[in-house]
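Under the numbering used here, the first residue of the sequence shown is numbered 1355, with each subsequent residue one higher.
Ideal placement from N, C-alpha and C gives every residue a C-beta, glycine not left out.
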Amino acid sequence: MSEKPQFHPVQNDGRLRTVPESVVMQAYEVYTHVFGSQPAMIDLARGCRGGFSVGELIAFLYARQFPKAEWAKRVDEALERQ
């Protein structure tokens, strides 16, 4: 029997929203590259910040499609347009 996927909270105007852990981990890979490691961002036991915002998830996932050398630039680009 396969394990149920885990879901992580997403900040969304006070409403409870979640996304699969695999999506959060892809965004966190970019976050870590751009801003440095902060395990509390994804540690559900600590509940730091309540997860990424919808805009942050979009920005990090957008940046991830580009070469790693461009991630910081692409995150800035996406966040400026919010």
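* Which residues DSSP lists as bridging proline 1363, in chain order -> Thr1372
* serine 1376 to arginine 1369 span [Cα, whole Å] -> 21 Å
* Buried or exposed for methionine 1379, please, with buried defined as at least 16 other CB atoms from any protein chain shown within 10 angstroms of its CB. => exposed
* Going by Cα to Cα distance, which pick from Val1408, Lys1427, Pro1421, Phe1389 is closest to aspartate 1367? -> Val1408
* Cα-Cα, which of Pro1363, Trp1425, Gln1360, Ala1432 is closest to glycine 1390? -> Trp1425
* Closest Cα partner of glutamate 1410 within the set Val1373, Pro1359, Asp1397, Pro1421 -> Val1373
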